[in-house]
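Everything in the sequence shown is counted per my numbering, starting at 677 for the first residue and increasing by one. Here a beta-carbon is modelled for each residue, glycine too, at the ideal position from N, C-alpha and C. Nothing here was measured: the structure is a model prediction, and the numbers come from that model. Taking it in order: structure first as structure tokens, then the write-up.
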Amino acid sequence: MVTLSRKFSTATSDSLACISLKQFPQNPQKPTPFYQIQQQQPKQLESQIVTTLDGCKNLTQIKQVHARILLNGLDQSCYVLAKLIRTLTKLNIPVDPYPLSIFNRVNYPNPFLYNALIRGYLIEERLKESTEFYSLMRKEGVVPVSFTFTALFKACGAKMDVGLGRQIHGQTILVGGFGEDLHVGNSMIDMYIKCGLLECGRKVFDEMPNRDVISWTELISAYAKSGNMESAGELFDGLPVKDMVAWTVMVSGFAQNAKPREAIMFFEKMQEFGVETDEITLIGVISACAQLGAAKYADWIRDVAEKSEFGGKHSVVVGSALIDMYSKCGSVGDAYRVFQGMKERNVYSYSSMILGFAMHGRVHDAMKLFDEMVKTEIKPNRVTFIGVLTACSHAGMVEQGWQIFELMEKCYGIKPSADHYTCMVDLLGRAGRLQEAHELVKTMPIEPHGGVWGALLGACRIHKSPDIAAIAANHLFELEPYCIGNYILLANIYASCGRWNDVSTVRKLMRTRGLRKNPAFSWIESEKGMVHEFFSGDMTHPRSGEIKQALEDLLDRLEAKGYQPHLSSVSYDVNDEDKRRILMTHSEKLALAFGLISTIPGSKIRIVKNLRICEDCHSVICGASQITGREIIVRDIMRFHHFHDGICSCGNFW
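Shown next as structure tokens:
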């Protein structure tokens, strides 16, 4: 508690008593060996002492300088004493008693000395004491300065104390003279944003007569973080001078709000205007490219990174992001080449590469890299083990998965999280051990989240187990009541078992809760790098006639080799002919047909699907890879499928 009377306390006397003047020579012409401060003109001496304080590294050195201050009669110099207090608090010396005792001995402290104490209390996160000191300042008739308010606003934002923040805002108006102060305005905007009152921050911004790039950028960033990219874009367009930070905020904002195309478009403009990039910019656009899964942009973005000083070879952060990007663009070979070229690797680099191998079904490579990692000084973390367990799951390696699961805590002290249990449930479920998977969920030492029950529900789809599916789905309906994917998956499981009454019940529940199915769509890159989107049942593409003919020709060739449509992939109670018609226009089949007619024969075809690939489409694409001699890579919501010569990397296990 701050004593507002400004009287000396016992603590004050004791603190000053600990400084002995006897240890210093009294002859001002013979300076101490440590500081070599001589009796000089007051202003020159003050400047020299302040410079000396900048070099102090510990309390002993500071006390020596304090003794010299007293010896030279500068005990009332607010300029020197404010610097002394700031130096003490910078080294985490508690305000009470030492710095406070210095303040209490000054007869007429100025605003900067008050600010030094206010700042000291704020460093200690003692907001109450700092505001009491502000009150003392006002009571003594000392007028606050810009820094007084910026420090208090910063503290209110950190504590999310909007009530106090508004009172300080009122003080700026009451005291007057701060309406045009840029620093006060910016700190006020920041305070309101951190307290969750974005529109209040916007109102302050709108009323500011003067703004700088910080004013604009912090508000643009706030809108981006809240998901309002429209408002962020409007502000960005109005920004007079757009620097690297502003561009980066927009690129990262679009990427974080699942708008990868917009993020890449802004990055392209940024390059056109010759704006420099840094690690944060690159990570934002790399993330966007990873979301889009478009190989066209991957190499270009990597080239931009390599031409800067933040390429994968030199920056472990950018290198790890590039590994993730290439993996999600279907180019795990390129991801591994980035990994091999990195001069420095950390746990994130290894984890990204292990996850990359796992999602592409290259289990042997994932396990080999994990073995290499544990032989280095780099210890695996929780993400590393998710990657390794995912690899085991995609390959059906149950026993090895159990061994690694137990190894986590026994050898590395990592307690399994719900995400690790998700991997184990997925592993057991995919292997057909549904009862064992269900038992693991029931006996978990932590509360299972939606991912755990979702893994069990997904396994029930593979093995057509409607009873366990109903148990998992009921838990999901409580945990994630508005996640429509869970309802659709349960309905599909019922449909595959011919339980149409149960399908109707699930769909009725969806309607009751106002849920609508997200349309299934796939996208593919053409030879020129243009991304083409296809929605299920939508034949409005300019080349729809060619697509339909190519698809019919493909299906005829597949049927000649024994292909039969998987009618159970249609979750509607309609006749078989209608089911065949529905299956034929699934989005991934339309994308495949477009790829066959628009790319060079023999080249790879890359398709991205926003949902899980259905069993029938998986079968068709598998056969297409054989009769066309093309490698086809499909990325669905679960994993990558590499189709080659009639075989999928997932081993028909997804």
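In the DSSP output, which residue or residues are listed as bridge partners for residue i?
i            : result
residue 1284 : 1199, 1311
residue 1323 : 1320
Within the continuous beta strand (DSSP E) that includes residue i, where are the two ends?
i            : result
residue 1210 : 1207-1211
residue 1317 : 1316-1320
Do residue j and residue i have their beta-carbon atoms positioned less than 8 Å apart in this structure?
i            : j            : result
residue 1176 : residue 1148 : no
residue 1308 : residue 1297 : yes
residue 1114 : residue 1155 : no
residue 1191 : residue 1163 : yes
residue 1062 : residue 1032 : no
residue 1261 : residue 1212 : yes
residue 1036 : residue 1319 : no
residue 818  : residue 797  : no
residue 1030 : residue 1060 : yes
residue 984  : residue 953  : yes
residue 1103 : residue 1069 : yes
residue 1271 : residue 1258 : no
residue 761  : residue 745  : no
residue 1306 : residue 1278 : yes
residue 865  : residue 877  : yes
residue 923  : residue 951  : yes
residue 1024 : residue 1014 : no
residue 971  : residue 1004 : no
residue 969  : residue 1009 : no
residue 624  : residue 908  : No information on residue 624 is available, as it lies outside the stretch 677 to 1330 that the chain covers here.
residue 764  : residue 775  : yes
residue 884  : residue 861  : yes
Using CA coordinates, which residue listed in the options is at the minimum distance from residue i?
i            : options               : result
residue 1121 : 1094, 866, 735        : 1094
residue 1202 : 1273, 1243, 1220      : 1273
residue 1264 : 1256, 1238, 1312      : 1312
residue 869  : 1135, 815, 891        : 891
residue 863  : 825, 838, 849         : 825
residue 1287 : 1306, 1310, 1092      : 1310
residue 1054 : 1041, 720, 1026       : 1026
residue 803  : 816, 1236, 827        : 827
residue 822  : 859, 805, 793         : 859
residue 963  : 989, 1326, 936        : 936
residue 914  : 924, 889, 902, 921    : 889
residue 1241 : 1194, 1291, 980       : 1291
residue 947  : 932, 979, 905         : 979
residue 727  : 1091, 949, 755, 736   : 755
residue 1136 : 1295, 1106, 843       : 1106
residue 1073 : 1011, 928, 788, 1099  : 1099
residue 658  : 1304, 969, 1275, 1172 : For residue 658 there is no data in the structure shown, the boundaries of the chain being 677 and 1330.
residue 1300 : 1087, 1268, 731       : 1268
residue 1151 : 1139, 1131, 724       : 1131
residue 902  : 1118, 795, 934        : 934
residue 928  : 916, 847, 942         : 942
residue 1161 : 1139, 1174, 1186      : 1186
Taking the alpha helix (DSSP H) that residue i belongs to, which residues open and close that run?
i            : result
residue 636  : Outside the modelled stretch of the chain, which goes from 677 to 1330, sits residue 636, for which no answer is possible.
residue 732  : It is not in any alpha helix (DSSP H) - residue 732 carries neither H nor E in the DSSP assignment.
residue 1170 : 1160-1172
residue 1068 : 1058-1071
residue 1136 : 1126-1139
residue 1113 : 1110-1118
residue 1001 : 992-1004
residue 1177 : 1176-1188
residue 1091 : From DSSP, residue 1091 is part of no alpha helix (DSSP H); its letter is neither H nor E.
residue 1037 : Where residue 1037 is concerned, there is no enclosing alpha helix (DSSP H), given that its DSSP letter is neither H nor E.
residue 1151 : 1142-1155
residue 791  : 787-799
residue 812  : 803-815
residue 932  : 920-932
residue 906  : 905-914
Using a Cβ-Cβ cut-off of 8 Å, state whether residue i counts as contacting chain B.
i            : result
residue 1100 : In summary, chain B is missing from the structure at hand, where a single protein chain is found.
Task: Ordered list of alpha helix (DSSP H) runs contained in the region 825-889, each at least 4 residues - done: 838-851, 858-870, 874-883
Task: Those runs of the beta strand (DSSP E) which lie wholly inside the region 1237-1297 and span at least 3 residues - done: 1281-1285
Task: alpha helix (DSSP H) runs contained entirely in the region 935-1022, provided each spans 4 or more residues - done: 936-948, 955-968, 971-983, 992-1004, 1008-1017
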